[in-house]
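Residues 9 to 265, numbered by this note's numbering, are exactly what the sequence shown covers, in order. Cβ atoms here follow ideal geometry from the backbone N, Cα and C, with glycine treated the same way. Remember, predicted model here, so these are calculated numbers, not experimental data.
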Amino acid sequence: MEYFFIMLITLVYYIIGFFVVWRISKRTKKKWVVGLLIFIVAVLPIWDWLLGIIVYYPASCLIVPKVAVYETAETDGIYYEGIHDYIYELERQTNDQPLPERIRIGSLYDDFGKGYQYAESRVVEKHDSMDHGTLISPVYYRCTPLPKDVKKPAFQPTSCIPIDHPVSRFIVKVSEIHFGVTTVETKKIIDRKTNKLIAEYNEVVRSSSRIGFPFFFWFYRPSGSLDYIYCPAEQHINGVSVHFHDFEYTVLRPRNR
9 MEYFFIMLIT
19 LVYYIIGFFV
29 VWRISKRTKK
39 KWVVGLLIFI
49 VAVLPIWDWL
59 LGIIVYYPAS
69 CLIVPKVAVY
79 ETAETDGIYY
89 EGIHDYIYEL
99 ERQTNDQPLP
109 ERIRIGSLYD
119 DFGKGYQYAE
129 SRVVEKHDSM
139 DHGTLISPVY
149 YRCTPLPKDV
159 KKPAFQPTSC
169 IPIDHPVSRF
179 IVKVSEIHFG
189 VTTVETKKII
199 DRKTNKLIAE
209 YNEVVRSSSR
219 IGFPFFFWFY
229 RPSGSLDYIY
239 CPAEQHINGV
249 SVHFHDFEYT
259 VLRPRNR
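Structure follows, in structure tokens:
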């Protein structure tokens, strides 16, 4: 259904657009004006797709991707910026459940499955129950794991509290730059004590609708998940497959594990 809706809107748009160009071409002798109008009408529905393709092929995919580990280290916990930077609250499970046990910071709970004792983050966004985000003044949070419920072994309880400053020696800093449907992502792991870069992972990601048509993708996002193409697709460090999202676990190993 969405396929026919998008195609109908696109067809109507091009009919009206080129009719307008035809009318204007009858009123002006300036060919460059007509050419510019044709270009605008043709490109407007797919500008983000074209920009994404230009950035992804070949410039970014040849220049940006980089995976490098200069040092590895052991740590009790990791501090994050630019990722895990939003807060939300779970529903109360019991009447006396304290607020820190209901607070979630991104998906920091994943760190505890790897063996870390705590995880910290600079939070800049608050999500409501409908997952709508609102920007807030930056607040530092630290989360620690709580014992699991034997009835819910897949769920990792945590306690998350605001703090004055992070204590982890290592920071994982993530940034993104968007070019239409293409995003350039960088992840840098830095020793905060020496300010030394110990590892970095740069990748380019291009998204597309599963409908397969790029028209008005910047205005209307079809329901369902998107398809993603990654460059580099996969890397191996010491024979272990690593990806952008879990790169820090390869570089920063949990202490005493």
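Cα atoms of Ile111 and Phe252: separation of roughly 26 Å, rounded to the nearest angstrom. Spatial neighbours of Thr191 in its own chain (CB-CB distance under 6 Å, excluding positions within 5 residues in sequence) are listed in chain order as Glu184, Val213.
In the DSSP assignment, Lys34 falls outside any alpha helix (DSSP H) and carries neither an H nor an E.
Ranking Val175, Ile113, Val51, Ile54 by CA distance to the CA of Glu97 puts Ile113 first. For Glu109, the three-state secondary structure derived from DSSP is helix. Secondary structure of Leu154 (DSSP, three-state): coil.
In the DSSP assignment, Tyr149 forms a beta bridge with Ser129, Pro170.
Fully contained in the stretch 52-101 are the following alpha helix (DSSP H) runs of length 4 or more, in chain order: 55-62. Looking at the DSSP output, Asp199 bridges to Phe178, Lys204.
The criterion of a C-beta distance shorter than 9 Å is not satisfied by Arg130 and Val158.
Per DSSP, the beta bridge partners of Arg261 are Glu82.
Residue pairing for Tyr238: DSSP places it in a beta bridge opposite Val213. The residues Lys134, in chain order, have a CB closer than 6 Å to that of Thr142 in the same chain once the five nearest residues on each side in sequence are set aside.
The alpha carbon of Val63 has as its nearest neighbour, out of Arg261, Ala76, Cys239, the alpha carbon of Cys239.
According to the DSSP secondary-structure assignment, Ile185 is paired through a beta bridge with Val192. If you compare the alpha carbons of Val29, Thr152, Ala81, Glu193 with that of Leu45, the shortest gap goes to Val29. Under DSSP, Lys134 takes part in a beta bridge, and its partners are Ile95, Thr142.
The beta carbon of Tyr126 sits closer than 7 Å to those of Asp84, Gly85, Arg150, Cys151, Thr152, all from its chain and outside the five residues before and after it, given in chain order.
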